[in-house]
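Shown next, in structure tokens, is the structure this report addresses.
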Amino acid sequence: MKSEVLSVKEKIGYGMGDAASHIIFDNVMLYMMFFYTDIFGIPAGFVGTMFLVARALDAISDPCMGLLADRTRSRWGKFRPWVLFGALPFGIVCVLAYSTPDLSMNGKMIYAAITYTLLTLLYTIVNIPYCALGGVITNDPTQRISLQSWRFVLATAGGMLSTVLMMPLVNLIGGDNKPLGFQGGIAVLYVVAFMMLAFCFFTTKERVEAPPTTTSMRDDLRDIWQNDQWRIVGFLTIFNILAVCVRGGAMMYYVTWILGTPEVFVAFLTTYCVGNLIGSALAKPLTDWKCKVTIFWWTNALLAVISLAMFFVPMQASITMFVFIFVIGVLHQLVTPIQWVMMSDTVDYGEWCNGKRLTGISFAGTLFVLKLGLAFGGALIGWMLAYGGYDAAEKAQNSATISIIIALFTIVPAICYLLSAIIAKRYYSLTTHNLKTVMEQLAQGKRRCQQQFTSQEVQN
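Here it is as structure tokens:
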């Protein structure tokens, strides 16, 4: 395929798709635990277990969705139709998940489990094809970095729009009736998300064509597992999503019970999101300057150090924590677009190894492990809060709960970032130099000498 420079309109269009996803994803990650425990009145321990089971079930559906998308044939392409036609049912279930019917406690738990599981499954139907779409818009590595940078700037803006506006919408729509406010708030936000998904559908184009699939789904799953670089990105995905999921889920508890100023939550979150915007914008110029793999592991190492330093900040030191959370926001969102480009690179690498371009199942597999990370992260928050004796009705939490909230916000993310840095530096070999070799040989119809990268020193 002849490489072409993507238009700004198409980059914005593609980014709008992830902005829509993050309007829901970030909202669920930040507010859903709090909504279930403090608004719907479900025990934290049950919510943690529900998150684990529902997300694990959803994770199993990811490879199935990827295999289905890879085999889709339509006049709109393989992946774009799913983005548009899955959007409406997804929105309906979003509103149902944030609803609070008058039921017994058992009824509430059953209702929450059903609607939350449906929400995660419908998110899969929209988001896996969307993620795979980025791998077929262009095969030029430079254009991919640019495309993903635009994507995550807009994704961050979408997440910021959702998380910052949610509580004002709750108060505006519901007033003292918080259940009505949450239901109305998510409904308003999803109307915006639907328009973004439609814009994504109409402004993007699938250019990288794969030969018709002739192998079985079992063969595709075997081939993707044999892609060693894909497995490495899978581990990186788990640890990075664990870091952001645990910290994000603990944020409202941290601001409320540690900083002691719940009224500054929106400002605290906005500070983090502004940092995210800056981080997304920095990804392209920094990777133009230095190999993206080097940028990736160094940034994760810095995130580990800063997260650990946050553990030692005194309680109620609001100004200091505002500075820390801004820096965390910049650095975390700097590595996010790089990580998704690394996933696209593993698709090229897989084609170079075995001649099969498995875009859909590759991204589905990554989202599978991402959701495993989400499942464990959400469960960890619920279980640890329950273990510490968290009680939303109390005016003050006990010392064990306070320590757990601090650890969730600082120590757990630090460990995850450190592991990501070590794995990327030690095992990920698709550096700028090596990827150039892959792309050149693919263009010439050549295939891999099996030990070519694993036996040579990684060049940055």
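Sequential numbering of the sequence shown, starting at 3, is according to the numbering used here.
Beta carbons are placed, not taken as given, at the ideal position from N, Cα and C, and that holds for glycine.
Margin query: Judging by CA-CA distance, which residue of 369, 395, 103, 302 is the nearest neighbour of residue 61?
Written below: Residue 61 sits at position 59 when you count from the first residue of the sequence shown. Of the candidates 369, 395, 103, 302, the one whose C-alpha sits nearest the C-alpha of residue 61 is 369.
Margin query: The alpha helix (DSSP H) that contains residue 467, what's its start and end?
Written below: Because residue 467 is not part of the residues shown, which for the chain are 3 to 462, the question remains open.
Notebook entry, point to check: Under 8 Å, do residue 380 and residue 251 count as touching if we go by C-beta distance?
Noted result: Working through the sequence shown from its first residue, we reach residue 380 at position 378. Working through the sequence shown from its first residue, we reach residue 251 at position 249. Contact: yes.
Next item on the list: State whether the stretch 420-428 contacts the stretch 317-327, with contact taken as three or more CB pairs (one from each stretch) at a distance under 8 Å.
Entry: no
Notebook entry, point to check: Taking just the CA atoms, how far does residue 141 sit from residue 179?
Noted result: Looking up residue 179 in the sequence shown gives position 177. Looking up residue 141 in the sequence shown gives position 139. Cα to Cα, residue 179 sits roughly 50 Å from residue 141.
Note to self: Along the chain, where does the alpha helix (DSSP H) containing residue 265 start, and where does it finish?
What the structure shows: By 1-based counting over the sequence shown, the position of residue 265 is 263. Neither: residue 265 is in no alpha helix (DSSP H) and is coded neither H nor E.
Item checked: Candidates 145, 256, 207, 163: closest to residue 77 by CA position -> Numbered from its first residue, the sequence shown carries residue 77 at position 75. The shortest C-alpha separation from residue 77 is found at 207.
Item checked: Closest residue to residue 130 among 348, 191, 83 (Cα-Cα distance) -> Within the sequence shown, the letter at position 128 stands for residue 130. Comparing Cα-Cα distances from residue 130 to each of 348, 191, 83, the minimum goes to 83.
Check: Between residue 1 and the rest of its own chain, which residues show a CB-CB distance below 8 Å, the 5 nearest in sequence each way excluded?
Finding: Absent from the model: residue 1. The displayed extent of the chain is 3 to 462, so no value can be given.
Next item on the list: Have a look at 93, 150, 356 and flag the residue whose alpha-carbon is nearest the alpha-carbon of residue 128.
Entry: Along the sequence shown, read from residue 1 onward, the residue named residue 128 stands at position 126. The shortest C-alpha separation from residue 128 is found at 93.
Item checked: Other residues of its chain near residue 4: CB distance less than 8 Å, five sequence neighbours each side excluded -> As a working mapping, residue 4 is identified with position 2 in the sequence shown. In this predicted model, residue 4 has a pLDDT of only 49, less than 50, meaning its place in the structure is not dependable enough to derive any value.
Notebook entry, point to check: Just how far apart, CA to CA, sit residue 18 and residue 151?
Noted result: The sequence position of residue 18 within the sequence shown is 16, counting from 1. The sequence position of residue 151 within the sequence shown is 149, counting from 1. Going by the C-alpha atoms only, they are around 12 Å apart.
Next item on the list: Output the distance between the C-alpha atoms of residue 334 and residue 101, rounded to the nearest integer angstrom.
Entry: Here residue 334 corresponds to residue number 332 of the sequence shown, with the count starting at 1. Here residue 101 corresponds to residue number 99 of the sequence shown, with the count starting at 1. Their Cα atoms are separated by approximately 32 Å.
Check: When you compare only the Cα positions, how much space is there between residue 16 and residue 433?
Finding: On the sequence shown, residue 16 is found 14 positions in, with the first residue counted as 1. On the sequence shown, residue 433 is found 431 positions in, with the first residue counted as 1. Cα to Cα, residue 16 sits roughly 25 Å from residue 433.
Checklist line | 6 Å CB neighbourhood of residue 231 in its chain, flanking five on each side removed | finding: Taking the first residue of the sequence shown as 1, we reach residue 231 at position 229. These residues qualify, in order along the chain: 348, 351, 432.
Margin query: In the DSSP assignment, the alpha helix (DSSP H) including residue 489 goes from what residue to what residue?
Written below: Summary: the structure shown does not reach residue 489, with the chain confined to residues 3 through 462, and so no result is reported for it.
Check: Three-state secondary structure (DSSP) at residue 317?
Finding: Taking the sequence shown and counting its residues from 1, the one referred to as residue 317 is at position 315. Reduced to three states, the DSSP call for residue 317 is coil.
Next item on the list: Determine the closest residue to residue 186 out of 367, 195, 173, with distance taken between C-alpha atoms.
Entry: As a position in the sequence shown, residue 186 is number 184, starting the count at 1. Of 367, 195, 173, the residue nearest in Cα terms is 173.
Margin query: Buried or exposed for residue 220, going by 16 or more other Cβ atoms inside 10 Å?
Written below: Position 218 of the sequence shown, counted from the first residue, corresponds to residue 220. Exposed is the call here.
Notebook entry, point to check: So does the stretch 404-413 actually touch the stretch 249-264, counting three or more Cβ pairs closer than 8 Å?
Noted result: yes
Note to self: Could you check whether the stretch 265-284 touches the stretch 160-168, counting it as contact only if at least three pairs of C-beta atoms, one from each stretch, sit closer than 8 Å?
What the structure shows: yes
Note to self: Tell me the rounded alpha-carbon separation between residue 66 and residue 86.
What the structure shows: Locating residue 66 in the sequence shown gives position 64, counting from the first residue. Locating residue 86 in the sequence shown gives position 84, counting from the first residue. Distance between the alpha carbons of residue 66 and residue 86: 19 Å.
Notebook entry, point to check: With burial defined as no fewer than 16 other Cβ atoms inside 10 Å of the residue's Cβ, what is the status of residue 148: buried or exposed?
Noted result: Translated into the one-based positions of the sequence shown, residue 148 becomes position 146. So residue 148 counts as buried.
Next item on the list: Assign residue 287 to one of three DSSP states: helix, strand, or coil.
Entry: Here residue 287 refers to the residue found at position 285 when the sequence shown is read from its first residue. If DSSP states are grouped into helix, strand and coil, residue 287 belongs with the helices.
Notebook entry, point to check: Hey, how far is the Cα of residue 10 from the Cα of residue 319?
Noted result: Counting from one through the sequence shown, the residue named residue 10 turns up at place 8. Counting from one through the sequence shown, the residue named residue 319 turns up at place 317. C-alpha separation (whole angstroms): 42 Å.
Check: When you compare each of 443, 22, 419, 411 to residue 201 by their alpha carbons, which one comes out closest?
Finding: Position 199 of the sequence shown holds residue 201. Residue 22 is the option with its Cα nearest to residue 201.
Check: Grouping DSSP H, G and I as helix and E and B as strand, with all else coil, what is residue 394?
Finding: Counting from 1 along the sequence shown, the entry for residue 394 is found at position 392. It is coil, neither helix nor strand.
Note to self: What does the alpha-carbon distance come out to for the pair residue 299 and residue 143?
What the structure shows: Locating residue 299 in the sequence shown gives position 297, where the first residue counts as 1. Locating residue 143 in the sequence shown gives position 141, where the first residue counts as 1. Near 19 Å, if we compare the C-alpha coordinates of residue 143 and residue 299.
Notebook entry, point to check: Run through DSSP, which three-state label would residue 282 get?
Noted result: Translated into the one-based positions of the sequence shown, residue 282 becomes position 280. Of the three classes helix, strand and coil, the one that applies to residue 282 here is helix, per DSSP.
Check: According to DSSP, is residue 457 helix, strand or coil?
Finding: By 1-based counting over the sequence shown, the position of residue 457 is 455. Caution is warranted here: a pLDDT of 37 is assigned to residue 457, below 50, making its placement in the model unreliable, and the coordinate value is therefore given only provisionally. Here residue 457 sits in coil by DSSP.
Next item on the list: Evaluate the contact criterion for the stretch 189-199 versus the stretch 387-395: three or more CB pairs, one atom per stretch, below 8 Å.
Entry: no
Notebook entry, point to check: What residue does the alpha helix (DSSP H) around residue 403 start on, and which one ends it?
Noted result: By 1-based counting over the sequence shown, the position of residue 403 is 401. Where residue 403 is concerned, the enclosing alpha helix (DSSP H) stretches over 401-411.
Next item on the list: Excluding the 5 residues preceding and the 5 following residue 95 in the sequence, name in chain order all residues of the same chain whose CB lies nearer than 7 Å to its CB.
Entry: Locating residue 95 in the sequence shown gives position 93, counting from the first residue. Once the five neighbours on either side are set aside, the close Cβ partners of residue 95 are 117, 120, 121, 124.
Next item on the list: Taking only runs that begin and end inside the stretch 167-253, name each unbroken alpha helix (DSSP H) of 4 or more residues, in chain order.
Entry: 180-205, 219-227
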